[in-house]
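Residue numbers (full-length UniProt numbering): 1 to 262.
First up is the structure itself, then whatever we jot down about it.
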């Protein structure tokens with residue numbers, strides 16, 4: 001595998017693009033620093049273990065894992081458009097609302113698939129989605145994901161790495177993650193999309209955000225957002241997990257909204 005000179009630092013090590021020697025396919029490569037302790041190396045490989053089981057056009061594709069010598073590499077499809085958050089901030093002003101509806105529909109399709117596989121993403125956000133050159137959105141960054149037979153994952157260990165402003169109240173308060181908590185995060189992703197990459201709760205700290213949510217506060221409707229999409233956001237932010245729509249319902253509703261939107 002050849003590699004490009006351009007790279008950046010990820011959570012576990014260097015991330016760079018390269019080409020497979022077999023067919024010259026462009027790929028993205030994540031490396032794991034040799035100095036990381038074994039528990040963090042296991043977390044690094046968790047993403048590959050989950051991704052290798054899935055195949056969906058709106059989920060980034062795993063190509064392979066190199067573990068025979070250090071450093072360990074995860075090789076994935078290269079999605080040329082970069083992350084969705086940067087895309088929204090740089091290209092958003094040129095995009096039609098119908099295009100934004102198509103892109104969040106892509107995200108809902110990917111999450112509906114994960115929901116059907118009892119996979120909980122736990123870190124759904126615009127920064128963790130990728131955009132192809134044809135504006136197709138793919139869900140990425142499965143480093144925090146878990147698979148659970150009963151659809152619920154109980155986490156422990158505090159909030160040091162938890163993205164508080166994207167995380168459902170029951171996950172913050174009790175460490176209970178589920179597809180319903182992913183739905184809450186999807187509501188924040190919708191808000192990021194129609195605010196063209198703004199940061200949620202910009203004037204609140206993480207503790208202030210938690211208090212605001214507990215008292216019934218929610219994000220306002222973005223200026224570009226169709227009323228029907230904001231109503232869907234509000235449903236995603238129902239305090240009780242069981243009152244939130246499923247990803248299947250969300251996907252169908254977004255398809256319906258897109259068809260009605262001119």
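The beta carbon of each residue, even a glycine, is placed where N, CA and C say it ideally should be.
Check                                                                                                                                                                : Outcome
Hey, residue 122 and residue 177: beta-carbon distance below 7 angstroms or not?                                                                                     : yes
I'd like the list of long-range same chain contacts for residue 64, defined as Cβ closer than 6 angstroms, with 5 residues on each side in sequence excluded.        : 75
Can you name, in chain order, every residue of its own chain whose Cβ lies under 7 angstroms from the Cβ of residue 43, other than the five neighbours on each side? : 143
Who are the Cβ neighbours of residue 82 in its own chain at under 8 angstroms, not counting the five residues just before and after it?                              : 130 and 131
Would you decide whether residue 12 is buried or exposed? Buried here means 16 or more other CB atoms lie within 10 Å of its CB.                                     : buried
Decide if residue 35 is buried, meaning its Cβ has at least 16 other Cβ atoms within 10 Å, or exposed.                                                               : exposed
Give the secondary structure of residue 129 by DSSP, where H, G and I count as helix, E and B as strand, and everything else as coil.                                : strand
Using the Cβ count rule (16 or more neighbours within 10 Å means buried), how would you classify residue 167?                                                        : buried
Use the C-beta contact count for residue 22: other C-beta atoms within 10 angstroms, 16 or more gives buried, fewer gives exposed.                                   : exposed
Determine which residues share a DSSP beta bridge with residue 201 and list them.                                                                                    : According to DSSP, which records beta bridges pairwise, residue 201 is partnered with nothing at all.
Beta strand (DSSP E) containing residue 139: first to last residue?                                                                                                  : 137-139
Residue 66 lies in the alpha helix (DSSP H); which residues open and close that run?                                                                                 : No alpha helix (DSSP H) holds residue 66; the beta strand (DSSP E) holding it covers 62-66.
How should residue 195 be labelled, buried or exposed, when 16 other C-beta atoms within 10 angstroms of its C-beta is the threshold for buried?                     : buried
So if DSSP puts residue 32 in a beta bridge, which residue, or which two residues, is it bridged to?                                                                 : 72
To the nearest angstrom, report how far apart residue 104 and residue 164 are at their CA atoms.                                                                     : 21 angstroms
Give, in chain order, every unbroken run of the beta strand (DSSP E) that is at least 3 residues long and sits entirely within the stretch 160-221.                  : 176-178
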